[in-house]
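Asker: Just so you know, the sequences run in chain order A and B. The numbering used here applies: residue 330 is where the first sequence begins, and numbers increase by one. The numbering used here applies: residue 330 is where the second sequence begins, and numbers increase by one. Note that beta-carbon positions come from the ideal geometry of N, C-alpha and C, so glycine has one too. As the structure is a prediction and not an experimental result, all values here were calculated from the model.
Protein chains: 2
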Amino acid sequence: MNFDDKVPIYYQIKNYLYHKIITGTLAPGAKLPSVRQLAIDVTANVNTVQRALAEMITEKIIISQRGKGNFVTEDIDSIKHLKKALVTKQLSLSYKQLHALNLTDDEILAELKDYMKNRSGEHE
Amino acid sequence: MNFDDKVPIYYQIKNYLYHKIITGTLAPGAKLPSVRQLAIDVTANVNTVQRALAEMITEKIIISQRGKGNFVTEDIDSIKHLKKALVTKQLSLSYKQLHALNLTDDEILAELKDYMKNRSGEHE
DNA sequence: TATAGTGTACTAATGAACTATAACAATAGA
DNA sequence: TCTATTGTTATAGTTCATTAGTACACTATA
Chain A
330 MNFDDKVPIY YQIKNYLYHK IITGTLAPGA KLPSVRQLAI DVTANVNTVQ
380 RALAEMITEK IIISQRGKGN FVTEDIDSIK HLKKALVTKQ LSLSYKQLHA
430 LNLTDDEILA ELKDYMKNRS GEHE
Chain B
330 MNFDDKVPIY YQIKNYLYHK IITGTLAPGA KLPSVRQLAI DVTANVNTVQ
380 RALAEMITEK IIISQRGKGN FVTEDIDSIK HLKKALVTKQ LSLSYKQLHA
430 LNLTDDEILA ELKDYMKNRS GEHE
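1. Determine the extent of the alpha helix (DSSP H) in which residue 331 (chain A) is found, giving its start and end residues.
2. Kindly list, in the order they appear in chain B, the residues whose Cβ is closer than 9 Å to that of residue 355 (chain A).
3. Would you say residue 430 (chain A) and residue 412 (chain B) are within 8 Å of each other, going by their C-beta atoms?
4. What in chain A is Cβ-close to residue 410 (chain B), meaning under 7 Å?
5. For the region 415–437 of chain B, which residues have a CB atom closer than 8 Å to at least one CB atom of chain A, in sequence order?
6. For residue 336 (chain B), which three-state DSSP category applies?
7. So with Cβ pairs under 8 Å, would you call residue 278 (chain A) a contact of chain B?
8. Please report the straight-line C-alpha distance between residue 370 (chain B) and residue 359 (chain B), rounded to a whole angstrom.
9. Is residue 397 (chain A) helix, strand or coil when you go by DSSP?
10. Whose C-alpha, out of B:439, B:357, B:364, is nearest the C-alpha of residue 339 (chain B)?
11. Against chain A, does residue 375 (chain B) count as a neighbour if the rule is that its beta carbon must be under 8 Å from one of theirs?
12. Using the rule of at least 16 other Cβ atoms within 10 Å of the residue's Cβ for burial, across every protein chain shown, is residue 402 (chain B) buried or exposed?
13. Report, in whole angstroms, the separation of the C-beta atoms of residue 392 (chain A) and residue 407 (chain A), which I expect to be a contact under 8 Å.
14. So which residues of chain A does residue 382 (chain B) contact, with C-beta pairs closer than 7 Å?
15. Taking the CB atoms as reference points, tell me whether residue 361 (chain B) and residue 331 (chain B) lie closer together than 8 Å.
16. Between the C-alpha atoms of residue 334 (chain A) and residue 354 (chain A), what's the straight-line distance to the nearest angstrom?
17. Just to confirm the assignment: which complete beta strand (DSSP E) runs, minimum length 3, are found wholly within the region 339–407 of chain A?
18. For residue 346 (chain A), decide whether its Cβ has a neighbour in chain B, counting only Cβ atoms nearer than 8 Å.
19. Measure the C-alpha to C-alpha separation of residue 396 (chain B) and residue 410 (chain B) and round it to an integer number of angstroms.
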């Protein structure tokens, strides 16, 4: 996995799993790969994976069953809330950054549209 | 200074100074506070500040003169480029994140407008 | 010339994240 | 019951960011 060396790996693994859950790649109630397999998948250590999972278990996004495996919560509401929280957090972060660079709301919107436009040619 | 404990302090100091330079709070050619004063300002160690500055000196955004002080470059073009780079990087980052959460371009724009609208009531 | 203020460099110590490795606990199935 | 698979926990060692403290190099000025 491609890690940003400015952010803790366990934190990036958490986000990686968040995205899988929110997009439905990991459906509600679905079983996650074993911690050992996950460690291989993301090229990290079991302990590091476990640290990410531990936090998600505390948040009740993941339910852990010793001997069986880790499972995505079946509480669809909490997944929806998670998505909303992530979206808002991201928007807030970008907005603050761009605003701090002296861009007005309109300029931010214009820049974003421009970015999307230029990007539409280069779908990978 | 309010640091995000998920990102190295020296990196956040760099961004802090980038913003001052781009918004003109630190004008082209202006003298920066001394490293010791900066350390006090941002509540960090001199070495940490120096590490941030060292990178900016390498990038030629800051010109260092031993015994005199550190100065913002007078090359306005490179400041403009810096701003453009920061804006694009931020947009790219958010876009990828939100896109990965399965939001379409239109939804991203809608969410952003919504965010700005809700925010316009609570100017701090 | 002496002194204060500037950037720069170095050492040593601390703490956090990460890794390799191993062991333990619970479950499922042959 | 034995074995494989799962989650969980622990130890020890490495690397890196950060800090405190000290010292050195250069500049301006009284």
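Answerer: Quick answer:
1. According to the DSSP assignment, residue 331 (chain A) belongs to no alpha helix (DSSP H), since it is labelled neither H nor E.
2. The contacting residues do not exist; residue 355 (chain A) stays about 13 Å from chain B at best.
3. Here residue 430 (chain A) is near residue 412 (chain B), since their CB atoms are less than 8 Å apart.
4. Chain A residues near residue 410 (chain B): none, gap ~13 Å exceeds 7 Å.
5. So the list reads 415, 416, 417, 419, 420, 421, 422, 423, 424, 426, 427, 429, 430, 431, 432, 434, 437, given in the order they occur along the chain.
6. Looking at residue 336 (chain B) - three-state DSSP - the assignment turns out to be coil, as it is neither helix nor strand.
7. The shown model of chain A, from 330 to 453, leaves out residue 278 (chain A), and the question about it has no answer.
8. Distance from the CA atom of residue 370 (chain B) to the CA atom of residue 359 (chain B), rounded to whole angstroms, is 17 Å.
9. The answer is coil: DSSP assigns residue 397 (chain A) none of H, G, I, E or B.
10. For the set B:439, B:357, B:364, the Cα lying nearest the Cα of residue 339 (chain B) is the one of B:364.
11. Taking Cβ atoms only, chain A never reaches closer than 8 Å to residue 375 (chain B), which makes this a no.
12. By the neighbour-count criterion, in which 16 or more other beta carbons inside 10 Å mark a residue as buried, residue 402 (chain B) falls on the buried side.
13. In fact, because the Cβ distance is near 11 Å, the residues do not count as touching under 8 Å.
14. Within chain A, no residue comes near residue 382 (chain B); the closest Cβ sits about 18 Å away, beyond 7 Å.
15. Their beta carbons are not under 8 Å apart, which means residue 361 (chain B) does not touch residue 331 (chain B) by this criterion.
16. Approximately 26 Å, taken between the alpha carbons.
17. You should have 391–394, 398–401.
18. Residue 346 (chain A) does not count as touching chain B.
19. Rounded to whole angstroms, residue 396 (chain B) to residue 410 (chain B) spans 29 Å at the Cα level.
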